[in-house]
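Undergrad: Dropping the structure in here first, questions after.
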Amino acid sequence: MTKLVIVESPAKARTIGNYVGPDFVVEASIGHIRDLPRPSELPAEMKKGNFGKFAVDVDHDFAPYYVVNADKKKKVAELKKALKDADTLYLATDEDREGEAIAWHLLEVLKPKIPVKRMVFHEITKEAITRALNNTRDIDTQLVDAQETRRVLDRLVGYEVSPLLWRKVAPGLSAGRVQSVTTRLVVERERERMKFVPASYWDVTVSHALGGQPFESKLYAVDGVRIASGKDFGDDGRLTAKADKAGVATLSAEQAEQVAKAIEAATSRVVSVETKPYRRRPAAPFTTSTLQQEASRKLHLSARDTMRVAQSLYENGFITYMRTDSTNLSTEAISAARRQVQELYGADYLPDKPRLYTSKAKGAQEAHEAIRPAGDSFRTPQEVASQLRGREFQLYELIWKRTVASQMADATGSTASVRLVVGVHAGGVEEATLAASGTIITFRGFLAAYEEGRDKKRYEDKDSQAQLPDLSEGEEVENLQATAEGHATTPPPRYTEASLVRTLEERGIGRPSTYASTISTVIDRGYVDKKGSALVPTWTAFSVVRLLEDNLPELVDYDFTAEMESDLDDIAAGQKSRVDYLGGFYFGDGDGGGLHGLVDGLGDIDARAVNTIDLSDQVAVRVGRYGPYLEETVDGAVTRRANIPPEVTPDELTIEKAKELLDSAMQEDRELGKDPETGYSIVVKDGRFGPYVSEVLPEDAVAYTATGRVSKVKPKPKTASLFASMSPDTVTLEDALRLLSLPREVGESNGEMILATNGRYGPYMKRGSDSRSLESEDQIFSITLEQAEEIFSKPKVRGQRQARPPLAELGTDPVSGGQILLKDGRFGPYVTDGETNASLPRSEDINQITPERAQELLVQRRLKIAEQGGPKARNKTRKTVRKSAAKKSAAKKATKK
Numbered sequence: 001m002t003k004l005v006i007v008e009s010p011a012k013a014r015t016i017g018n019y020v021g022p023d024f025v026v027e028a029s030i031g032h033i034r035d036l037p038r039p040s041e042l043p044a045e046m047k048k049g050n051f052g053k054f055a056v057d058v059d060h061d062f063a064p065y066y067v068v069n070a071d072k073k074k075k076v077a078e079l080k081k082a083l084k085d086a087d088t089l090y091l092a093t094d095e096d097r098e099g100e101a102i103a104w105h106l107l108e109v110l111k112p113k114i115p116v117k118r119m120v121f122h123e124i125t126k127e128a129i130t131r132a133l134n135n136t137r138d139i140d141t142q143l144v145d146a147q148e149t150r151r152v153l154d155r156l157v158g159y160e161v162s163p164l165l166w167r168k169v170a171p172g173l174s175a176g177r178v179q180s181v182t183t184r185l186v187v188e189r190e191r192e193r194m195k196f197v198p199a200s201y202w203d204v205t206v207s208h209a210l211g212g213q214p215f216e217s218k219l220y221a222v223d224g225v226r227i228a229s230g231k232d233f234g235d236d237g238r239l240t241a242k243a244d245k246a247g248v249a250t251l252s253a254e255q256a257e258q259v260a261k262a263i264e265a266a267t268s269r270v271v272s273v274e275t276k277p278y279r280r281r282p283a284a285p286f287t288t289s290t291l292q293q294e295a296s297r298k299l300h301l302s303a304r305d306t307m308r309v310a311q312s313l314y315e316n317g318f319i320t321y322m323r324t325d326s327t328n329l330s331t332e333a334i335s336a337a338r339r340q341v342q343e344l345y346g347a348d349y350l351p352d353k354p355r356l357y358t359s360k361a362k363g364a365q366e367a368h369e370a371i372r373p374a375g376d377s378f379r380t381p382q383e384v385a386s387q388l389r390g391r392e393f394q395l396y397e398l399i400w401k402r403t404v405a406s407q408m409a410d411a412t413g414s415t416a417s418v419r420l421v422v423g424v425h426a427g428g429v430e431e432a433t434l435a436a437s438g439t440i441i442t443f444r445g446f447l448a449a450y451e452e453g454r455d456k457k458r459y460e461d462k463d464s465q466a467q468l469p470d471l472s473e474g475e476e477v478e479n480l481q482a483t484a485e486g487h488a489t490t491p492p493p494r495y496t497e498a499s500l501v502r503t504l505e506e507r508g509i510g511r512p513s514t515y516a517s518t519i520s521t522v523i524d525r526g527y528v529d530k531k532g533s534a535l536v537p538t539w540t541a542f543s544v545v546r547l548l549e550d551n552l553p554e555l556v557d558y559d560f561t562a563e564m565e566s567d568l569d570d571i572a573a574g575q576k577s578r579v580d581y582l583g584g585f586y587f588g589d590g591d592g593g594g595l596h597g598l599v600d601g602l603g604d605i606d607a608r609a610v611n612t613i614d615l616s617d618q619v620a621v622r623v624g625r626y627g628p629y630l631e632e633t634v635d636g637a638v639t640r641r642a643n644i645p646p647e648v649t650p651d652e653l654t655i656e657k658a659k660e661l662l663d664s665a666m667q668e669d670r671e672l673g674k675d676p677e678t679g680y681s682i683v684v685k686d687g688r689f690g691p692y693v694s695e696v697l698p699e700d701a702v703a704y705t706a707t708g709r710v711s712k713v714k715p716k717p718k719t720a721s722l723f724a725s726m727s728p729d730t731v732t733l734e735d736a737l738r739l740l741s742l743p744r745e746v747g748e749s750n751g752e753m754i755l756a757t758n759g760r761y762g763p764y765m766k767r768g769s770d771s772r773s774l775e776s777e778d779q780i781f782s783i784t785l786e787q788a789e790e791i792f793s794k795p796k797v798r799g800q801r802q803a804r805p806p807l808a809e810l811g812t813d814p815v816s817g818g819q820i821l822l823k824d825g826r827f828g829p830y831v832t833d834g835e836t837n838a839s840l841p842r843s844e845d846i847n848q849i850t851p852e853r854a855q856e857l858l859v860q861r862r863l864k865i866a867e868q869g870g871p872k873a874r875n876k877t878r879k880t881v882r883k884s885a886a887k888k889s890a891a892k893k894a895t896k897k
């Protein structure tokens, strides 16, 4: 008999298999084996019962109805077969709530009649696996309850609220306990940017020299009154109440120029010198959220990609478990880090006592450990360089550096602040005060290994690492140059994935382990687009958030959502009842205030109001079925409409920009005449994807089936996009009829008709199943049969058209070392490093693509290729697909029998 160990993934199974003896068999469940089905997937007899709406019986203790996933039935059968030859079952899924739930589901489905042991570990090393085998436990039902409550909560919210969005905003939308709050955060930031009023201010930068050593200072005050900086202005473009009370002064451009000229011609005098000691502590080891933030800043990885790479590192035994909110390090890990500090950096870099860290995040579980290199001794990046490549190596190196640095000595030095005065007597100013500062690091300490990145702030004082000369009070300093500089205040920065993760954690919304999937969900569902690294809400997100804010405000209330997370922690700790909590959430406390009562009690929601964002009294954005558009109303009547280009972000759609779009849009269909054959009117229209011509069918028009009967389906008008050389203002009826006549029959060749037409990817010809691209749209109507046959006589070559030069060069890729180019391909713009191609999402403006965003797209593409088993040889693809299809067909037939 054998001992059966079940884990989640094949990679994890392979690694553990190397550390256990021959008596063990390690199998993978491939994630969850069962879940709540969609109501449509319920057995017929259950669809009309208590489980019919949610697959959860809300009237009987919120009992869930689980089914084995269709794609896991074969896997379950394999596990049951393996169980027959085992005398002990070890459930070795991950140590968090989700892993505990997977173990419980395996137990419920497999129904083993042999001893069952729960085996947990936070790293996959021989020592850790041995310890785990010797220290097993039972399944923690409280953790299972907490995870099951979370799953049921998500089902209740999603299935109660999503239909509301389908009816009032657009089909296919979804609401979620955490995703809706996350969307609101991004929308609120964009609202702040839309309301933002910029303010301008001026300052002066002065260059000095003393004893041959140059340094710079800034104008700080005039006649004893501090001058304004960006921080002194509010988002309304005015000085804040605090700045106003302090009497902060603002300089005009003319004043600043006059003051600068006078300073340059004068000499400054030092009036104060202040020196303070500088000390900086290292950052704590990584948690899930801080790893995602730092990988975003330094490696330009999305939260989802960070977790994919970290998962691979964990399963292959390189790092500890990557879903944790604890900064705690085990005694063995602290010892390993301190040994490496001693060996690699020397005794001066090792503090006298180990550094201990405690988590500040809400609900942090100190029993878990921070993310660190695996093992009781750490492998350096050089030692794993032959085993890891690309992003896996970079992420491991980041984790190693952060862990080792966390046990290193402080960085120390000194900070000097100097004030100088200079007589001006210009621009209404008698005396100017200048300020200079500098920080000198005398001992780098942990900075020798690692320095934490920071998110960009609006008005952040730059740390000056330049050393100031040895200055003394009363000393005269030469002013070499003074430059007046104008500035404008900036709106609140948009969230990046890093700053959004930090905000979610600070507010206690969701769990760090779910942030990656939450951000991916709001992007995939069309609520948020990425513009470079910035997260930009779509107009659909504005509509969804407004509907929820006006009608179900608690569901998007930040504090309420954080309290829900705290309640789930209490359930995991056994301090609250799962059934009582779900009952209060869904039914309320007898006051009808639960989710069910709130949704049922909603009155008639004005869909037009929900989908309208006013820009002025007359102009508004409307979110329609086919996308957002502008609508101008005068005296209650709609006068003009215009589509909003996808590259125009909400904060860029000022009233001036809106009027520009309205002025340039074609407001009404322009009738070109009538088709002499059908008598139908032909019009030119302005569509979401550009101008096109269309026939106008009468209301009583009918279509016919292939047998000549009247079809129940109404006929659709013929349409055709204008050529690039055509304009909706000048296109003629003759042009329109030619376009609507496509495809054009060029002539018969080899027994088949050659057709010329325009397609999604440009003009082309088709003969049977063979096709060839044309060089221009005009060729569609001009090419002769002889010319067409000559083109078809030549072998078909991929990329037949002459190669276009790259649109932009975006630097060197840190993974492959190749030059990153932005190109315009047949299927749209893409970036490439010569080895990997990554398409640009349609929502992104090619003019805004940055080197960092290009690297991120290439990383995402490589990870996707890796998940699919690596790059496939083109000459083998068709053969492989056919075999796979045949196997699937045979499998289906066998199942039916």
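Numbering-wise, the numbering used here puts 674 at position 674 of the sequence shown, and it's gapless, one number per residue.
Idealized CB from N, CA, C, for every residue including glycine.
Return the chain-ordered ranges of every alpha helix (DSSP H) run that is complete within the segment 381-422 and spans a minimum of 4 residues.
TA: 381-384 and 390-405
Undergrad: Assuming A898 and P282 are in contact, meaning their beta carbons sit under 8 Å apart, how far apart are those beta carbons, in whole angstroms?
TA: In the structure as shown, the chain starts at 1 and stops at 897, and residue 898 therefore has no counterpart that could be examined.
Undergrad: Which whole-angstrom value describes the C-beta separation of Y90 and L143, a residue pair presumed to lie in contact below a C-beta threshold of 8 Å?
TA: Incorrect: roughly 18 Å between the Cβ atoms, too far for contact.
Undergrad: What are the complete beta strand (DSSP E) segments, minimum 3 residues, inside the segment 455-533?
TA: 476-488 and 528-531
Undergrad: What's the C-alpha gap between F585 and V579?
TA: Going from the Cα of F585 to the Cα of V579 covers about 10 Å.
Undergrad: Should S180 and L173 be called a contact, given that it needs their Cβ atoms to be closer than 8 Å?
TA: no
Undergrad: Sort out for me which residues DSSP pairs Y65 with in a bridge.
TA: In the DSSP output, where bridge partners are listed per residue, Y65 has none listed.
Undergrad: Run through the DSSP bridge pairs and tell me what Q575 is partnered with.
TA: Partner(s): none; Q575 has no beta bridge.
Undergrad: Applying the criterion that 16 or more other CB atoms from any shown protein chain within 10 Å of the CB defines a buried residue, is L106 buried or exposed?
TA: Here L106 is buried: its Cβ has 16 or more other Cβ atoms, across all protein chains shown, within 10 Å.
Undergrad: Can you list, in chain order, the stretches of the alpha helix (DSSP H) that have 4 or more residues and sit fully within the segment 160-241?
TA: 179-195
Undergrad: In angstroms with no decimal places, state the Cα-to-Cα distance between G799 and P806.
TA: Because the pLDDT of G799 is 47, which lies under 50, any placement of that residue in the model is unreliable, and the number read from its coordinates should be weighed accordingly. Straight-line Cα distance between these residues: approximately 15 Å.
Undergrad: Flag this pair as yes or no: are the beta carbons of A77 and E27 separated by less than 8 Å?
TA: no
Undergrad: Mind checking who P277 pairs with in its DSSP beta bridge?
TA: S414
Undergrad: For G510, which residues in the same chain have their Cβ closer than 7 Å to its Cβ, ignoring the five residues on either side in sequence?
TA: Within the same chain, G510 has close Cβ partners V178, L504, T518 and E565.
Undergrad: Assign L356 to buried or exposed, taking buried as 16 or more other Cβ atoms, counted over all protein chains shown, within 10 Å of its Cβ.
TA: exposed
Undergrad: Can you name the start and end residues of the alpha helix (DSSP H) that V599 belongs to?
TA: L595 to D600
Undergrad: Looking only at C-alpha atoms, which of L468, V259, A435 and G594 sits nearest to G427?
TA: V259
Undergrad: Check whether the Cβ atoms of L785 and A808 sit closer than 8 Å, and answer yes or no.
TA: No, the pair does not count as a contact, with Cβ atoms beyond the cut-off.
Undergrad: So what does DSSP say about G627, is it helix, strand or coil?
TA: Of the three classes helix, strand and coil, the one that applies to G627 here is strand, per DSSP.
Undergrad: Looking at the secondary structure, which residues open and close the alpha helix (DSSP H) in which T290 lies?
TA: T288 to L299
Undergrad: Pull up the distance between the alpha-carbon of G811 and that of L398, whole angstroms please.
TA: 22 Å
Undergrad: Per DSSP, what kind of secondary structure is N898 in: helix, strand or coil?
TA: Residue 898 lies beyond the range of the chain shown here (1 to 897); nothing can be said about it.
Undergrad: So, is K12 buried or exposed, given that buried needs 16 or more other C-beta atoms within 10 angstroms?
TA: Residue environment for K12: buried (at least 16 other C-beta atoms within 10 angstroms of its C-beta).
Undergrad: With DSSP as the reference, identify every bridge partner of V684, one or two as the case may be.
TA: R670 and V693
Undergrad: Roughly how far, in whole angstroms, is the beta-carbon of I227 from the beta-carbon of V248, given that I think they are within contact range, below 8 Å?
TA: 7 Å
Undergrad: Using CA coordinates, which residue listed in V197, L697, T705 and D600 is at the minimum distance from T489?
TA: V197
Undergrad: Within its chain, find whatever has a CB closer than 7 Å to the CB of R118; leave out the 5 residues flanking it on each side and keep chain order.
TA: Cβ within range, chain order: L91, A103, T136, R137, D138 and I139.
Undergrad: How far does the beta strand (DSSP E) with P10 in it extend, from its first residue to its last?
TA: No beta strand (DSSP E) holds P10; the alpha helix (DSSP H) holding it covers P10 to G17.
Undergrad: Let me check one thing: in DSSP terms, what residues is P676 bridge-paired to?
TA: According to DSSP, which records beta bridges pairwise, P676 is partnered with nothing at all.
Undergrad: If Y692 sits next to L722, beta carbons under 8 Å apart, how far is it from one beta carbon to the other, in whole angstroms?
TA: 6 Å
Undergrad: Does the Cβ-Cβ distance between A374 and T287 come in under 8 Å?
TA: Taking the C-beta atoms as reference points, T287 is found no nearer than 8 Å to A374.
Undergrad: Please classify Q467: is it buried, with 16 or more other beta-carbons within 10 angstroms of its beta-carbon, or exposed?
TA: Under this definition Q467 is an exposed residue.
Undergrad: If you compare alpha carbons, which of D651, N611 and R97 is closest to W166?
TA: N611
Undergrad: Since V259 is in the beta strand (DSSP E), which residue starts that stretch and which ends it?
TA: V259 -> not in any beta strand (DSSP E); alpha helix (DSSP H) instead, spanning A253 to E264.
Undergrad: So who's on the other strand from F898, going by DSSP bridges?
TA: Limits of the chain in this structure are 1 at one end and 897 at the other, which puts residue 898 out of reach.
Undergrad: Helix, strand or coil for F781, going by three-state DSSP, please let me know.
TA: Helix at F781.
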